[in-house]
Amino acid sequence: MSPNPRRRQVLGIAAGAAAAAALPLAAPTEAHAAGPAEAGAAGARVRAGEAPSWVPVPDPVPVPLDSLYDNDGIDTAAAQGGDFDGSGYTFPGEELPAGRIEVDGVPFDFPAATAGAKNNVVALGQRLDLPKGRYLSALFLTAGSYGSASGTATVHYADGTTSTATLSGGDWYAVGGPLSAPYRRRPDGGKDEHRVGIGTSEVWIDPGREAVALTLPVTNPAEAGKTALHVFALSLQPVAQGRALVLRDTRSTSSLLTATGAQSVEATVVNAGTVAILAGDAVSVHVDVPGARTVEPARIRRLDPGEQARVHVGIRNRTGTAPGTAEDGTVRVRGRGAQAAARRRPLTLGTADYQPTETSLAGHRAPYWFNDAKFGIFIHWGVYSVPAWAPVGVQYAEWYWDQMQDPDNPTHAHHRDTYGADFAYDDFIPRFTAEKFDPRAWVELFRDAGAQYHVLTAKHHEGFALWDTKVSGRNAVRLGPRRDLVRELFDASRRHTPELHRGLYFSMPEWFNPDSPWMGHAPRNPYTLDPLPYTGYTAGRDFVRDYQAPQLLELIHGYDPEIIWCDIGGANDSVDVLAEYFNHAKNRHRPVDVTVNDRSGIGFHDYTTPEYTTYADTVVAKWEASRGLDPRSYGYNGQTPDDAYMTAEDVVRTLVDIVSKNGNFLLDIGPRADGTIPEIMQTRLRESGAWLAVNGEAVYGTTYWSRMAQLGEDLRFTVRPNEAFYIHSLTRPGARLTVEAPVPVRAGDKVTMLGHGRPLTWTVTGGALVIDVPEAARKAGQHVWVFKVEWHG
């Protein structure tokens, strides 16, 4: 892992943040409009004298922001002089569109790159006047500079009232995003070859009131080292008076549905009307496309006004349709005996073999099992587990070798005083014994912790491989433990915990590899600067072609990991390796959905990976946050006292917060050099697992609530599509829990607290859900109290 956030951003953070907000909606009414439903509700048939089942959805309304632009963040080679982030860097105008564009089905007016012209507004509390009207949401194109940025926006209504919501932007120094460029322009006009992006963020608006203005959050000016939120464009989604649905972001994927193994076509269905969608409306989503048929339609049983549902429709190629065939198809939403919405899109039928290009790899997505798993265990174990030293809460212990090179780093003096100036880092290798390593006990602990997958460091930046690699003698079979530790762990996992998914971490560069030293030099004594051997390694090869890529392929073909968790990036042949990885998985007798993160050194990725931090709001693009039980280390730090580790409450609250925002939590442990897992780590994992054994249904297989991730500091929300809504209280509730949010609950629904079981009485008062919580229920919970709204009808 990288202790330097900017160094870690060799691969960056996703720009596609979709923010939510705490805006209560007016109570649904059965309002109808006359006339045929066109655009988003084309095809509804209406009998004479009857109101239509579905009403038209007004098109989104782009709102000009030219008068507010105060930052020039887009340059071209011919028109320079901008400064997006305070350091002189800008987006390259040649790589971005201009004028009226469409992002995920929503039109925006995107500014052009013109010499000297401003093209975005830095959020500093400016007031945006809106065309007076009733809207469901405000959709923004945003980006953050110097990190992901967010703050509270305020919506102003004609009656003098206001509501607040979160507006956010993902770090532009990112991979992907709906609008992205393969490089940013340097202050000198040259190219910094790193992908940058602009994402979307959505603020919910109360459609029961006429909106007239919106005040942006107060972040920071665009200055070096300060996190600022930039807004490029705005569109408003008007509300439809009546029963109305609209489709957004329809696309074919390479993902397979669990039930049928069918190819998934994804779409977002938005309730753009004022009437709730219920089970009796029989809403379903199908795909009509030549060459394939729908075998698993998606169903929507509950969708309140303003809510969104991400659905997966299963299709299967007809006989004679080759995998990878491109056809125009139509995604249709039907309900109440009529068509509610339709969107025509190019679709790819089946998955042809991946080609070694980012364009081909871009068709891959994070598997549904990964989306549903939510909780994994990271294992940092290597030669660094021998010294196991770092200042507590300050440095990564696994970076010991690198940190001892710096005379100003405390590790430099610690190593000299403890081991002597002539004791090389590689002298620790014989002490990395793994003599007490019990792989069965490990995986059963992970299972008992409630984890759904585990990821072992096959090779960290020190270059010491934990498997029997044939391209280098610097490995655990020839040195140290003299065991194939990866093989033993995977064999135990497959035999004793087959329900767990298995993954491997792989550092793309190595600090001091003589053929490509990441830190600029081969191994040397940090006190005398005399050269040292790189134990087990024979120099004189092409680092990527002859070493890095072959090692990755050994892991792929020899161990069948379902996750490849790369780190750092840098020089690579990842397009070839990942194409081989995906093809190897899909062409098996029983295809397997595998996944890769955002640190392989190329723009393509399945998910992003913030470490020792999380996103402040919902990020629709899949992400996974990682951190150690240790306050600041992934590898074992023998200096850390037991009371400095995360408590079970810390773990559970962090997990719930991450899941509510569409993330997974990869929680790290650092075993000792002998293979034992410190007792405090085992205790914390089992305690967390005990909570998940009771409350796991509110975590596994859930998704984020499209209205908001959280309400205040204490409440989080998750949804089990078509079944239930969950309210997570991060503090012990009182006799009454009041949720001042438009919770999707109605007469006939059942409210319980997980772990208590007996139905709870509840009311909706002034738009807020009020739940009576008896003392027995309060005593039954711990860490996070979870209330379930079970939908009926």
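According to UniProt numbering, the sequence shown is numbered sequentially starting from 1. By construction, the Cβ of each residue, glycine as well, lies at the ideal position given by its N, Cα and C atoms.
Residue-level contact to chain B via CB, residue i, 7 angstroms cutoff
| i | result |
| --- | --- |
| Asp417 | Included in the structure is just one protein chain, with no chain B present. |
For residue i, the first and last residue of its enclosing alpha helix (DSSP H)
| i | result |
| --- | --- |
| Glu649 | 648-660 |
| Phe370 | 368-373 |
| Ala729 | Ala is not the amino acid found at residue 729; the sequence shown has Ser there. Counting along the chain, Ser729 falls outside any alpha helix (DSSP H), though it belongs to the beta strand (DSSP E) covering 724-729. |
| Ala549 | 549-559 |
| Asn597 | From DSSP, Asn597 is part of no alpha helix (DSSP H); its letter is neither H nor E. |
| Ile198 | Per DSSP, Ile198 belongs to no alpha helix (DSSP H); it is in the beta strand (DSSP E), 196-204. |
| Thr718 | Counting along the chain, Thr718 falls outside any alpha helix (DSSP H), though it belongs to the beta strand (DSSP E) covering 715-720. |
Rounded C-alpha distance that separates residue i from residue j
| i | j | result |
| --- | --- | --- |
| Ala276 | Arg334 | 15 angstroms |
| Ala698 | Ser626 | 20 angstroms |
| Pro526 | Tyr537 | 20 angstroms |
| Asn695 | Leu229 | 36 angstroms |
| Gly363 | Asn409 | 44 angstroms |
| Gly197 | Gly755 | 44 angstroms |
| Tyr69 | Tyr726 | 40 angstroms |
| Ala690 | Leu256 | 31 angstroms |
| Tyr421 | Ser148 | The sequence shown places Ala at residue 421, rather than the Tyr named in the question. About 42 angstroms. |
| Asn587 | Pro733 | 51 angstroms |
| Glu649 | Gly663 | 18 angstroms |
| residue 872 | Arg345 | Residue coverage of the chain in this structure runs from 1 to 793, which leaves residue 872 outside it and unanswerable. |
| Tyr396 | Thr457 | 15 angstroms |
| Ser295 | Thr260 | Rather than Ser, the amino acid found at residue 295 in this sequence is Val. When rounded, the distance between both Cα atoms is 8 angstroms. |
| Asp643 | Gly88 | 45 angstroms |
| Thr654 | Ala579 | 34 angstroms |
| Ala262 | Ala282 | 22 angstroms |
| Leu552 | Lys459 | 10 angstroms |
Spatially closest choice to residue i from the options, by CA coordinates
| i | options | result |
| --- | --- | --- |
| Thr258 | Phe370, Gly197, Tyr183, Ala181 | Phe370 |
| Gly382 | Asn662, Ala673, Gln241 | Ala673 |
| Thr154 | Ala143, His605, Asp129, Gly520 | Asp129 |
| Trp401 | Gln548, Val386, Val270 | Val386 |
| Pro481 | Phe437, Trp518, His521 | Phe437 |
| Asp85 | Trp172, Arg301, Val620, Ser67 | Trp172 |
| Arg134 | Asp59, Thr162, Ala211, Pro107 | Ala211 |
| Thr90 | Phe110, Asp188, Asp159 | Asp188 |
| Arg599 | Val619, Asn587, Arg588, Trp623 | Trp623 |
| Thr321 | Leu347, Asp448, Ala222 | Leu347 |
| Tyr612 | Ile602, Val265, Gly628, Gly601 | Gly628 |
| Ala571 | Asn583, Arg653, Trp518 | Trp518 |
| Arg707 | Val122, Val270, Asn120 | Val270 |
| Pro92 | Gly190, Val477, His521, Ala267 | Gly190 |
| Asp560 | Tyr581, Asp448, Gly540 | Tyr581 |
| Leu504 | Ala233, Pro631, Leu485, Val620 | Leu485 |
Residues near residue i by beta carbon distance below 8 angstroms, same chain, minus five either side
| i | result |
| --- | --- |
| Leu760 | Val751, Thr752, Met753, Ile771, Asp772, Val773, Pro774, Ala777, Phe787 |
| Pro641 | Val392 |
| residue 797 | A query on residue 797 cannot be resolved here, the shown segment of the chain reaching from 1 to 793 and no further. |
| Asn475 | Phe464, Ala465, Leu466, Trp467, Asp468, Thr469, Gly536 |
Proximal residues to residue i (C-beta, below 6 angstroms), its chain only, five neighbours per side dropped
| i | result |
| --- | --- |
| His728 | Val656, Arg716, Val784, Val786 |
| Thr703 | Val719 |
| Tyr425 | Trp401 |
| Val106 | Pro60, Leu139, Ser235 |
| Pro5 | Bear in mind that a pLDDT of 34 at Pro5, under 50, signals an unreliable position, so the number given afterwards is only what the model happens to contain. Within the same chain, Pro5 has no close Cβ partners at all. |
| His792 | Gly748, Asp749 |
| Ile680 | Asp642, Tyr645 |
| residue 817 | Any question about residue 817 goes unanswered here, given that the chain covers just 1 to 793. |
| Ala780 | Gly755, His756 |
Start and end residues, beta strand (DSSP E) containing residue i
| i | result |
| --- | --- |
| Pro238 | 228-238 |
| Arg627 | 623-628 |
| Glu102 | 99-103 |
| Gly133 | 127-133 |
| Pro62 | 61-63 |
| Gly564 | According to the sequence displayed, residue 564 carries Ile and not Gly. Element bounds for Ile564: 563-567. |
| Gly663 | 663-669 |
7 angstroms Cβ shell around residue i - same chain, five flanking residues per side excluded
| i | result |
| --- | --- |
| residue 796 | Missing from the structure shown is residue 796; the chain here goes from 1 to 793 and no further. |
| Ile13 | Here Ile13 scores only 26 on pLDDT, less than 50, and its place in the model should not be relied on; the value that follows carries that caveat. So the qualifying residues of the chain are Ser148, Gly170, Asp171, Ala174, Thr608, Pro610. |
| Glu444 | His496, Thr497 |
| Asp714 | Ser729, Leu730, Thr731 |
Can you list, in chain order, the stretches of the beta strand (DSSP E) that have 3 or more residues and sit fully within the stretch 281-329?
-> Counting only runs of 3 or more residues that sit fully inside the stretch 281-329, the beta strand (DSSP E) segments are 283-288, 292-296, 298-300, 308-317, in chain order.
Completely contained beta strand (DSSP E) runs for the stretch 109-164, where each covers 3 or more residues | Unbroken beta strand (DSSP E) stretches of 3 residues or longer found wholly inside the stretch 109-164: 127-133, 135-145, 149-157, given in chain order.
Within the stretch 376-452, note down every full alpha helix (DSSP H) run reaching 4 residues or more, in order along the chain.
-> As far as the stretch 376-452 is concerned, its whole alpha helix (DSSP H) runs of at least 4 residues are 400-403, 410-419, 439-448.
What alpha helix (DSSP H) runs, 4 residues minimum, are completely inside the stretch 441-524?
-> Qualifying alpha helix (DSSP H) stretches, in chain order: 485-496.
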